[in-house]
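Residue numbers (this note's numbering): 13 to 202. Cβ atoms here follow ideal geometry from the backbone N, Cα and C, with glycine treated the same way. Remember, it's a predicted structure, so these values are computed and weren't measured experimentally.
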Amino acid sequence: MKRLHHFAAASVVAASALLGLASAPAQATPVAIDVGGAQSINLQGEAGNTVWLIDVGANAVLNSLSWSLDLEAFAPSVLSEMQVSFGGSDGLDLLTFAPGGADFASGVGSYAGLLDLSPFGMRVGADGLLRLEFSEAYKDFAPGVAEGQWLRGRLSFDVTAVSAVPEPASAALVLVGLGVIAVRARRAKT
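Shown next as structure tokens:
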């Protein structure tokens, strides 16, 4: 009987631990991307642009973006035209960001800042891939000719991983299953 009591107590502890893990809040994780060497070539969505796919986790939520960058725009192109679009790998729901948006000069510019993405509800798809496309807002040169260079720096996304959390009915089924095991164990001992 004493063994059965320990088994039942262990079942309750295991069920409590399982429910505790299932309801634990997701932790935000920074994902830093070195963008040195990326080029701004064509308009957003056109062939020839620098496109990167970064694994941030399935269905991850993008909470914020911070940046510290050095860009160079080749004359007559200007720094305000250099942009990066980001979102899920399907390329459908993208947010476009121009770090030098108010800088209407050619040459080199340095930019840093932080953007809260939570109002936009940005997330990647089930494949977990964040798509970055470096492009131009206005095309000054012939198609396929680089108009700017992302010299150095990084984009840092604050990402929350979305895990598969069991729904309440699943958790209840786990508890019922543990209860059935405990009852069977009790009957087997008597």
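For residue j and residue i, believed in contact at Cβ under 8 Å, the rounded distance
i: Leu-91; j: Gly-121; result: 5 Å
i: Gly-57; j: Trp-162; result: Not confirmed; about 18 Å, so no contact.
For residue i, the three-state DSSP class (helix, strand or coil)
i: Phe-153; result: coil
i: Phe-132; result: helix
i: Val-96; result: strand
i: Gly-189; result: helix
i: Val-73; result: strand
i: Leu-91; result: helix
i: Ala-124; result: strand
Option nearest residue i by Cα separation, candidates the options
i: Trp-79; options: Leu-104, Glu-58 and Asp-128; result: Asp-128
i: Gln-76; options: Gly-99, Lys-201 and Ala-149; result: Note that residue 76 is Ser in the sequence shown, not Gln. Ranking Gly-99, Lys-201 and Ala-149 by Cα distance to Ser-76 puts Gly-99 first.
i: Gly-133; options: Phe-109, Gly-125 and Asp-105; result: Asp-105
i: Gly-60; options: Gln-39, Ser-147, Ala-138 and Leu-81; result: Ser-147
i: Arg-143; options: Ser-101, Gln-95, Pro-131 and Leu-83; result: Ser-101
Sub-8 Å separation of residue i and residue j beta-carbons
i: Gly-165; j: Ser-52; result: no
i: Val-47; j: Leu-167; result: yes
i: Val-73; j: Val-174; result: yes
i: Ser-89; j: Asp-139; result: no
Paired residues, beta bridge with residue i - DSSP
i: Pro-42; result: Asp-170
i: Arg-164; result: Asp-82
beta-carbon residue i near the ligand PLP non-hydrogen atom, thresh 7 Å
i: Val-90; result: For the structure depicted, the ligand PLP is absent and the ligand set is empty, with no information on it obtainable.
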